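Residue numbers (my numbering), protein chains in the order written: chain A, 1 to 194; chain B, 1 to 194.
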């Protein structure tokens, strides 16, 4: 149900731009359709029902809304990785660097050590997966913590950029609700992996 | 109920630091206690039941999780204001500048015009209210859009910094679930407004 709703919404409201950019800002990452996110949360709960999830991990900013709604379905807290140091964050941190496809720059990414440890079974949630840089950074942080990556839930995977398939080959259980196989900025056509 | 839960949680897990900093990162803005946020969402729904809310507006990053959970209770979308321009945002924008107490710098803040218009009745949600700079920026954006500020919901107001009372004097309906009247970095004592 959530898959069909999301693909339909991407077809209707998604905008394909030059440079492999798919804008879904009307429902996924500037304005958030919370009812749609709730359907997506229910679907991931169904898909990862056999996994003993203790935390949902995401990265600011656009992952947070999705992760919060998803975490309700699992009854666990969200931890969101922060981009760059702030005066309100002290103590020990897990850190890594992530190159952003959207922002064309490298971010330092941090998670306070007290929020992730060896006892944690983590579901990583994010809105987009392109080349996989953000996800690889989050996986590094989970591994640095000695915690277990139980699964990865992505709203929209750009399948043609290869990041998702590389993660599947490494053995991660990756559940992308919509996988864009190809898209065309001139015609606006979007083809999903079936 | 949500008020008592939140005050109790701030007393137990909040950390008072020098420079008027209250750290609530274990449940409100780095790790998110989604069950607590859900209670807070139900409370704001009760408090603003008479208002015809069409959108919840917040600002990235730490407001987004709370706003998403709150918006579920109202059955409306979230729009989050973004700090600085990204290549995925084009078209016309409402813009303002916000000085961050936490980050000690000035941000450009933007909302795409297509997500806020004269027909909108807006509930502004944020995790913290200190001097009110972030809220004033969001109010400016709502007014620039010709929309109506129906109310403001804040998790933790630092009452002694005056931003909240200034907004109340200007006639805004501001519902802060916990108002810190004073706090002491040496003893760790936190006194709430009753």
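Cβ atoms here follow ideal geometry from the backbone N, Cα and C, with glycine treated the same way. Model, not experiment: these values are computed from the prediction.
Report buried or exposed for residue i, applying the criterion of at least 16 other Cβ atoms within 10 angstroms of its Cβ.
i	result
residue 63 (chain A)	buried
residue 49 (chain A)	exposed
residue 157 (chain A)	buried
residue 206 (chain B)	The structure shown does not extend to residue 206 (chain B), since chain B is modelled only from 1 through 194, so no value can be given for it.
residue 194 (chain A)	exposed
residue 150 (chain B)	buried
residue 191 (chain A)	exposed
residue 127 (chain B)	buried
residue 106 (chain A)	exposed
residue 40 (chain A)	buried
residue 145 (chain A)	buried
residue 159 (chain A)	buried
residue 147 (chain B)	buried
residue 176 (chain A)	buried
residue 186 (chain A)	exposed
residue 182 (chain A)	exposed
residue 25 (chain B)	buried
residue 120 (chain A)	buried
residue 43 (chain B)	buried
residue 112 (chain B)	buried
residue 84 (chain B)	exposed
residue 171 (chain A)	exposed
residue 153 (chain A)	buried
residue 87 (chain B)	Note that residue 87 (chain B) scores 46 on pLDDT, short of 50, meaning its location in the model is unreliable; the coordinates nonetheless yield the value given after this. Per the 10 Å Cβ criterion, exposed.
residue 14 (chain A)	buried
residue 188 (chain A)	exposed
residue 65 (chain A)	buried
residue 163 (chain A)	buried
residue 137 (chain B)	buried
So what does DSSP say about residue i, is it helix, strand or coil?
i	result
residue 176 (chain B)	strand
residue 193 (chain B)	coil
residue 150 (chain A)	strand
residue 53 (chain A)	coil
residue 99 (chain B)	strand
residue 183 (chain B)	strand
residue 119 (chain B)	coil
residue 170 (chain B)	coil
residue 34 (chain B)	helix
residue 40 (chain A)	helix
residue 45 (chain A)	helix
residue 25 (chain A)	coil
residue 71 (chain A)	helix
residue 61 (chain A)	coil
residue 2 (chain B)	helix
residue 134 (chain A)	helix
residue 104 (chain B)	coil
residue 76 (chain B)	coil
residue 18 (chain B)	coil
residue 8 (chain A)	helix
residue 157 (chain A)	strand
residue 87 (chain A)	In this predicted model, residue 87 (chain A) has a pLDDT of only 46, less than 50, meaning its place in the structure is not dependable; the value taken from the coordinates is given anyway. Correct three-state label for residue 87 (chain A): coil.
My understanding is that residue i touches residue j, with C-beta atoms under 8 Å, so please give their C-beta distance in whole angstroms.
i	j	result
residue 59 (chain B)	residue 178 (chain B)	Incorrect: roughly 19 Å between the Cβ atoms, too far for contact.
residue 34 (chain A)	residue 72 (chain B)	5 Å
residue 82 (chain A)	residue 110 (chain A)	5 Å
residue 79 (chain A)	residue 31 (chain B)	5 Å
residue 116 (chain A)	residue 142 (chain A)	7 Å
residue 37 (chain A)	residue 68 (chain B)	7 Å
residue 74 (chain B)	residue 45 (chain B)	6 Å
Legend entry - Segment contact, 8 Å Cβ cut-off, at least three pairs: the stretch 129-140 of chain B with the stretch 158-175 of chain B: Counting Cβ pairs under 8 Å, three or more are found: they touch.
Inset, instruction - Would you check if there are 3 or more beta carbon pairs closer than 8 Å linking the stretch 7-23 of chain A to the stretch 44-59 of chain A? - result: Output reads no: the stretch 44-59 of chain A does not touch the stretch 7-23 of chain A.
Inset, instruction - Taking a Cβ distance cut-off of 9 Å, strictly less, list which residues of the stretch 145-172 of chain A are near chain B, in chain order. - result: If the cut-off is 9 Å between Cβ atoms, the stretch 145-172 of chain A has nothing near chain B.
Legend entry - Residues of the stretch 107-130 of chain B whose Cβ lies closer than 7 Å to any Cβ of chain A, in chain order: Taking 7 Å as the Cβ-Cβ cut-off against chain A, the residues of the stretch 107-130 of chain B that qualify are 112, 115.
Legend entry - Residues of the stretch 3-21 of chain B with Cβ closer than 9 Å to any Cβ of chain D, in chain order: In the displayed structure, chain D is absent; the protein chains listed are A and B.
Legend entry - Interfacial residues, the stretch 42-64 of chain A to chain B, with Cβ spacing under 7 Å: Here the close residues are 60, 61, 64.
Inset, instruction - Using a Cβ-Cβ cut-off of less than 8 Å, list which residues of the stretch 69-82 of chain A approach chain B; keep chain order. - result: Among the residues of the stretch 69-82 of chain A, those with a Cβ less than 8 Å away from any Cβ of chain B are 69, 71, 72, 75, 76, 77, 78, 79, 80, 82, in the order of the chain.
Inset, instruction - With 9 Å as the limit, tell me which residues of the stretch 29-41 of chain A have their beta carbon closer than that to any beta carbon of chain B; keep them in chain order. - result: For the stretch 29-41 of chain A, the beta-carbon criterion of a distance under 9 Å to any beta-carbon of chain B is satisfied by 29, 30, 31, 32, 33, 34, 35, 37, 38.
Inset, instruction - Give, in chain order, every residue of the stretch 178-192 of chain A whose Cβ lies closer than 8 Å to some Cβ of chain B. - result: Listed in sequence order: no entries.
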